[in-house]
Structures are given as C-alpha cells and as structure tokens.
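Protein chains: 2
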Amino acid sequence: MAPELKRATAGEAPFLAACARRRSHYTPVWIMRQAGRYLPEYREVRSRVDFVTLTRSAELAAEITLQPVRRFALDAAILFSDIMTPLQGMGIALDFEPGPVVRTPIRTAAQIEALPTLEPRRDVPFVLQAVELIRRDLPAGVPLIGFAGAPFTLLCYLVSGRPSKEFGTARAFLYAEPDAAERLLDKLADAMAAYLAAQAAAGAQALMLFESWGGLLAPAQYRRFALRAARRTLTALRPLAVPLIYYANQGTALLEELSGLDVDVIGVDWRTPLSVVRRVLGEKAVQGNLDPAALFAPRAELERQIDAVLAEAGPAPGHIFNLGHGIWPETDPSAVAHLVDYVHERTAAARGSRA
Amino acid sequence: MAPELKRATAGEAPFLAACARRRSHYTPVWIMRQAGRYLPEYREVRSRVDFVTLTRSAELAAEITLQPVRRFALDAAILFSDIMTPLQGMGIALDFEPGPVVRTPIRTAAQIEALPTLEPRRDVPFVLQAVELIRRDLPAGVPLIGFAGAPFTLLCYLVSGRPSKEFGTARAFLYAEPDAAERLLDKLADAMAAYLAAQAAAGAQALMLFESWGGLLAPAQYRRFALRAARRTLTALRPLAVPLIYYANQGTALLEELSGLDVDVIGVDWRTPLSVVRRVLGEKAVQGNLDPAALFAPRAELERQIDAVLAEAGPAPGHIFNLGHGIWPETDPSAVAHLVDYVHERTAAARGSRA
Chain A
-12 MAPELKRATA
-2 GEAPFLAACA
8 RRRSHYTPVW
18 IMRQAGRYLP
28 EYREVRSRVD
38 FVTLTRSAEL
48 AAEITLQPVR
58 RFALDAAILF
68 SDIMTPLQGM
78 GIALDFEPGP
88 VVRTPIRTAA
98 QIEALPTLEP
108 RRDVPFVLQA
118 VELIRRDLPA
128 GVPLIGFAGA
138 PFTLLCYLVS
148 GRPSKEFGTA
158 RAFLYAEPDA
168 AERLLDKLAD
178 AMAAYLAAQA
188 AAGAQALMLF
198 ESWGGLLAPA
208 QYRRFALRAA
218 RRTLTALRPL
228 AVPLIYYANQ
238 GTALLEELSG
248 LDVDVIGVDW
258 RTPLSVVRRV
268 LGEKAVQGNL
278 DPAALFAPRA
288 ELERQIDAVL
298 AEAGPAPGHI
308 FNLGHGIWPE
318 TDPSAVAHLV
328 DYVHERTAAA
338 RGSRA
Chain B
-12 MAPELKRATA
-2 GEAPFLAACA
8 RRRSHYTPVW
18 IMRQAGRYLP
28 EYREVRSRVD
38 FVTLTRSAEL
48 AAEITLQPVR
58 RFALDAAILF
68 SDIMTPLQGM
78 GIALDFEPGP
88 VVRTPIRTAA
98 QIEALPTLEP
108 RRDVPFVLQA
118 VELIRRDLPA
128 GVPLIGFAGA
138 PFTLLCYLVS
148 GRPSKEFGTA
158 RAFLYAEPDA
168 AERLLDKLAD
178 AMAAYLAAQA
188 AAGAQALMLF
198 ESWGGLLAPA
208 QYRRFALRAA
218 RRTLTALRPL
228 AVPLIYYANQ
238 GTALLEELSG
248 LDVDVIGVDW
258 RTPLSVVRRV
268 LGEKAVQGNL
278 DPAALFAPRA
288 ELERQIDAVL
298 AEAGPAPGHI
308 FNLGHGIWPE
318 TDPSAVAHLV
328 DYVHERTAAA
338 RGSRA
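Listed in order, the protein sequences are those of chains A and B.
Counting along the first sequence from 1, when you hit position 91 you're at 78 in my numbering, and nothing is skipped either side.
Counting along the second sequence from 1, when you hit position 217 you're at 204 in my numbering, and nothing is skipped either side.
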C-alpha cells in the first residue's frame, strides 16, 4: 500500500459499519467500475489481454480488482468481472463488441427449458479463485464486494441479444410472452443465487445485485417481473452472514416497491435525491449517488457537488458514498483521488473524528 | 376521411378541451411519432425520398402528418418534422445516420457566440408552409400540434455531436463550462420561442416542447440548466392563445420542479404513474403514458394495460391519452387502431356519452 493513503485502519470496516447503519470515523466510499478503463494501469494490462480472458483469469481479475485500492483510499473493493460471465458458464455463447452480444438470443420456451443449472465451482471456478486471491491481498478495513446482474437485467441482454438504449425487444417479450419471461427469470434468479452464494463462500464480504435495466419498466411490469425475480435471488441469500445490496438504476419511480425488499442497502443513480430515498427506505442503508459527470467539474465545483450529496444523505449513519452509475472511461484519476479524500476529510470533520 | 372512423365531430375538439381540463365525450388520444416508420404508407413515401428532404418539403411533410389521421380516429395531428430542423435553419450542418449527427459539435464560447438568430420565415419557411397545408386538410375536431425540442435536449445533440445513451459529453460540459452552457441554452431557448411562435402564427393550435434528455440530469442540474431554459421559451409563448405542452422523458424525479412551470399540459413517460403526476401537478392536464412495448401484447392484455392507464389518470378531466414515448417502428398498425378505438369507447361509456 502507498503510505500516503488515509484510511481508517482500526475497528470495524467503515463500509460494513455503514451497511449495518452503524457509525464509523467517516462516510465510506467506493466507486462503481472503480477497476476499469479510466486507470492507466488497467489499460496497460488490457493492451496485452482481451476482455474475456481478463474475466476468466483468476490472477488477472484479482490484479485488476486491487489496482484502484492501491491507488485510492477506497473503503471497499469490488470483484472485477462482468455480469454476463456466469451466463457464459451456463453455455451462452457471446462476444464483447465491447458490450455483450449474445450469438443466439433466447426467445422461445424451448431455449429457456434447455438452459442448464449453474454450478459455480464447476462452471466459473476462476471467479471463485479470484475472490480467494483478492481476499488474501486486500488491506484490513477494505472488504470485498461480490456481485451479479439482477435477473431482469440479464434477461434484457439474453432476449434483445445486444446492448440497447431501450431494450425494446426484451420489454416487448414481457408483454407478448409473460409466462416464458417468468420462467426465464426464475432460472436466472436461481443461477444468480447460486453464483453469489459461491462468491460469499469463497470470501466475498458483501453481495450486490445490479439492476441496471429494471428502471426501464413501467412500475407494474417492474413489480411483476424484475422485482419478483430479484426477490427470489435475494431471499435465497438472506441466511448468509453478509450484507446484501440492490442497485436500481433509473429507480426513482420504484422506491416504494423497494421498501419491501429484504436487503441491507439500496443503491440509486444520480437522479434520485438521497433525502427521498432515506425518507422512503428509512430502515435501509443507502449507496450513492454523485453524478459521474461531476468528476469533470473544476475542483471547487466538484467539492460543492460532493457536499450536496452528503447534505442530501444527512447525518444519520448508513450512507455509503458512491457515484450514481459507473465511472466514465474519460475520467481523470486525480479527480477520483480528490473525491475519495474529500469525502473522508469532510465527513470525519463533521463527526469530530480524524480521517 | 374513411367513413368508419369514430371521432367526436360536434362541439369543442376533445384534445383542446382536455388541455383546458374541460370535459368532452371521451378521453382524446394521439400518439407520439404517430406519423412514422410503423406505417406502410410512410415507408412507401420514405422509400422514394430521404429523411432530410421529407422534413424540408412542405407538401411531403403535410402528407405524412395527415397519414395517421386518415387511418386512425386520432384526436390530434402533430407536425411531421425533426427537432434538429430549426438548427439546420440556423446553419448547423448535420447528417441523419439515422439519428442526427452534428458535423462540428459546439463546445466553445466562440462557436456559441457565432450562432445566428433564427428567423423562421426566412430560415425554415417550408415548416410554416407545411403547417398551413395541414390545417387546410385536417378534419374538424382534430387540432394540429406544433413542436420543438427543448433547449437542453438540443444542447445534448449539439455538444455530444451524435445520439448517445447517456449524452456524457453534454452532461460533463454543464459541469466543466457552466457559463458557456447557459449562454448556449439562452440562445436555443430564444430560437425555439421564435420557432414555436411562428408555427402558431401559421396555424398550429397547440405547442409542445420535447424534453427528451432533461431526465438524464441530477435534479439540481435540471433546475439550473434545462428547466431554466425551457421556462425561458415557454414564458415567451405564454401570451399566445394556444395551449402549451411540456414533455419530460424520464421525469419522475423532476415532478416537483415542474409544478412551477406555467404550461397547460405535462407529458410523462411510461415510468411515471399518472396518479402521482395528478397529485403533484393538480392544476395541469396530463398527457400519457402507455408503455410503447404494451402494443406488442395480445389484445386482452393490451386492453388491461390501457385500463390501468385510464384508472391511474382517474375520472377528472384533463387527461390526453398517449404513449409514454414515441411508437416503435416494429409496431403493428392494427394494434394502434385497437388502442385508439378502445380508449374512445371505454371512456365514452364511463361518461355515459357515445363515442
């Protein structure tokens, strides 16, 4: 570890404290896609190895996971992987161009029935080995977050076949073939439950479900399809001794629905004011939600934007600072360093503790 | 007109009544992008003429505007044009691939200062001639809606240079160059005010501002940039004797902000429950908001989805039925016919009037 990184090193990890809505020295911070293209050290590795190979090599995935933790005083690491990796393990053939393109989109009952069960130790052993390698090298106080795509978000790619602004084919599929859609979602929900449980068994200290596209649905469709399937995954994981995080992109209209979801933390995008999230979801911790675009502001304006997020979150414990969406590849790493240190200093000072 | 179309033909046009929150025989209905690619007669014209030529020919634009009104019992027509058409009139060079691509994106103060004023009669006379031609041929009871892109939505294309899922370049520009962004927005706001006023003078009976991308902004950024500029346009138009409609895509988090906007109608996408819109914006009419994907459902399910929208809107006057976003090119026109007739029959029956 670079000696200048100012992290809390004694007591409970701030990230885990915040998940449980307990106080810590400062507000913990990590960043969605913190291991990725905005980092020169990532681009260096990537220049030698294609993306799929990176996700399927335990050593390289571990190295990339650790890169941002070495550079910034982040309070959590997140496994470097892709939400489609377990589906490749289930025999789905796909290419990254750079978004995932499914060679044979899944649109019939027969294809859905033919989907095999995921057995993580057999089908994606490299992911679990990566978790073990990362845990060995992570500093104290920096827990590892395991993750998976939420079932409906995975359905979007499987049915539409490729990334899309609207995922129209997938959304039309829900209306045209609701029974087949539910069956596919059940299978994906069970597979992701097995996948996340295996990550926890390998050492992941928190589990996050990414609902990147559920916010495209009308609220009633969200309830019937996306939320029901996410709940199936999360219910299966609840007995495990790790906090559960559900991230809802474009989820402003869905907050009331989420209040009944048995998770520890709800992550939201930059469009949902944290004060509203806190009001609706008082019994949960909240994660977010600086606009990724704010990292392009001059320092003083960036600080003002960070202060605004902290003010929206309020002084109650249970706030994990993050961006509202993944960091953009064009971001200057020095802005990230400033963000992390500023959140720590500012919130430590507010609590009368030392960063 | 085909004789079988069942429209209200006596009294105030249902669309204008709803804009003013007055009762009519039934709930009026029109469909965003109703003149477009899902119609065989549109594709027939388009097979002979490229898109830009269509938008710059008064006769062809008028013909295409009228096509859906001939086929379905729609209660309003909307001018066939593109939100970028007036910017072409201001000298912005662009191509449609098929989304608008700006050959030289606008990112400097010098480029912004150099933008000329829009003089609609000089710069886009064919649009105003189209309005006149359409009005001549529209049946009684079917008003013509003129429209423009909201200033921030236009800024997204001008700064990013091309369509984008996130319009990251434009959003980063707001943080990095807020003063230049405000100056550009002011110029666009004034140009769109002149453009819409000219459409009204030529015969448009309602004016709609499309805020397609304002919902990408964090609420504070929305207030500072998008809403301020939209208000500048709308305030200039308020003295005109036509109803004003503001459509906010992805606007769920912005409803409170919109309550202060002096317009007659707020249009929302399929993700914002109309009951919430009605509660927050009680003094305005509301337009929307069936999911465009619902048109791919079997008839019985489509009817259930329409019923759900009508139930959310409630019995008070001031609801204009529409989709929550533009109709998709893959949509079956017979589903549209069913939608329009079903909304009329259902709401006429509920009021004890005859469709």
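All residues carry an ideal CB built from backbone N, CA and C; glycine is no exception.
**OP:** Starting from the Cα of Y270(B), find the closest Cα among A303(B), G238(B) and L26(B) and give me that residue.
**Re:** Residue identity differs from the one stated: residue 270(B) is Glu in this sequence, not Tyr. Nearest of A303(B), G238(B) and L26(B) to E270(B), Cα basis: A303(B).
Original post:
Using the beta-carbon of each residue, which ones in chain B are nearer than 9 Å to P320(A)?
Top reply: Those do not exist, as P320(A) stays about 16 Å from chain B at its closest Cβ, beyond 9 Å.
Original post:
What is the residue span of the beta strand (DSSP E) that L105(B) lies within?
Top reply: Segment: none, L105(B) is in no beta strand (DSSP E) and carries neither H nor E.
Original post:
Taking all protein chains shown into account, do 16 or more other C-beta atoms lie within 10 angstroms of the C-beta of S11(B), making it buried, or fewer, making it exposed?
Top reply: buried
Original post:
Span of the alpha helix (DSSP H) holding H12(A)?
Top reply: Unbroken run through H12(A): none, as it is neither H nor E.
Original post:
Cβ of F212(A) less than 9 Å from any chain B Cβ?
Top reply: no
Original post:
Can you list, in chain order, the residues of its chain whose CB lies under 7 Å from that of A167(B), leaving out five sequence neighbours each side?
Top reply: A96 and I99
Original post:
Does the distance from the C-beta atom of Y13(B) to that of H331(B) stay below 9 Å?
Top reply: yes
**OP:** Whole angstroms is fine: what's the gap from R210(A)'s alpha carbon to L289(B)'s?
**Re:** 18 Å
Original post:
Quick one: is G(-2)(A) near chain B, going by C-beta distance under 9 Å?
Top reply: no
Subject >> Partner residues on chain B for A364(A), Cβ-Cβ distance less than 9 Å >> reply: Residue 364(A) lies beyond the residue range present for chain A, which begins at -12 and ends at 342; the question has no answer from this structure.
**OP:** Count the other C-beta atoms from every protein chain shown that fall within 10 angstroms of the C-beta of R94(A), then say buried if there are 16 or more, exposed otherwise.
**Re:** buried
Original post:
Are the C-beta of T259(A) and some C-beta of chain B separated by less than 9 Å?
Top reply: yes
Original post:
Hey, would you say the C-beta of I307(B) is under 8 Å away from at least one heavy atom of the ligand GTP?
Top reply: Of the ligands one can find in the structure shown there are none, so the ligand GTP has no counterpart to examine.
**OP:** Leaving aside the five residues before and after T(-4)(B) along the sequence, list all residues of the same chain whose C-beta is less than 7 Å from its C-beta, in chain order.
**Re:** A127 and G128
Original post:
Grouping DSSP H, G and I as helix and E and B as strand, with all else coil, what is A342(A)?
Top reply: A caution first: A342(A) carries a pLDDT of 47, below 50, which makes its placement in the model too unreliable to give a value.
Subject >> Min CB distance G155(B) to chain A below 9 Å >> reply: yes
**OP:** Evaluate D82(B) with the Cβ neighbour count: other Cβ atoms within 10 Å of its Cβ, from every protein chain shown; 16 or more gives buried, anything less gives exposed.
**Re:** exposed
**OP:** Decide if P55(B) is buried, meaning its Cβ has at least 16 other Cβ atoms within 10 Å, or exposed.
**Re:** buried
Subject >> Cutoff 9 Å: G133(B) Cβ touching any chain A Cβ >> reply: no
Subject >> Residue burial classification, K174(B) (beta-carbon count within 10 angstroms, cutoff 16) >> reply: buried
Subject >> When Q192(B), Y233(B) and P165(B) are compared against G202(B), the one with the closest alpha-carbon >> reply: Y233(B)
Original post:
Distance, Cα to Cα, R43(B) vs E243(A)?
Top reply: 47 Å
**OP:** Could you work out which residues of chain A lie near P206(B), taking near to mean beta carbons separated by less than 8 Å?
**Re:** R258 and P260
Subject >> Pairwise C-alpha distance: R149(A) and G133(A) >> reply: 24 Å
Original post:
Does the pairing of the stretch 66 to 77 of chain B with the stretch 153 to 171 of chain B give three or more beta-carbon distances under 8 Å?
Top reply: no
Subject >> Selected residue, minimal CA-CA separation from D294(A), among S321(A), I314(A), W315(A) and L261(A) >> reply: L261(A)
Original post:
Does Y162(B) have its Cβ less than 9 Å from a Cβ in chain A?
Top reply: yes
Original post:
Using a Cβ-Cβ cut-off of 6 Å (strictly less than) and excluding sequence neighbours within five positions of A4(B), which residues of its own chain qualify?
Top reply: S11
Original post:
What residues from the stretch 266 to 296 of chain A come within 7 Å of chain B, judged by C-beta to C-beta, listed N to C?
Top reply: D278, A280, A281, F283, A284, E288 and A295
Subject >> N-terminal and C-terminal residue of the alpha helix (DSSP H) that E198(A) is part of >> reply: No alpha helix (DSSP H) holds E198(A); the beta strand (DSSP E) holding it covers A193 to E198.
**OP:** Measuring only between beta-carbons, confirm whether W200(A) sits less than 9 Å from chain B.
**Re:** no
**OP:** Show which residues of chain A have a CB atom less than 7 Å away from the CB atom of A159(B).
**Re:** A280 and F283
Original post:
Is the Cβ-Cβ distance between R108(B) and A185(B) less than 9 Å?
Top reply: yes
Original post:
So P1(B) is in the alpha helix (DSSP H); what residue range does that whole segment cover?
Top reply: P1 to C6
Original post:
Using 9 Å as the limit for Cβ to Cβ distance, is T360(A) near chain B?
Top reply: With chain A covering only -12 through 342, there is no way to say anything about residue 360(A).
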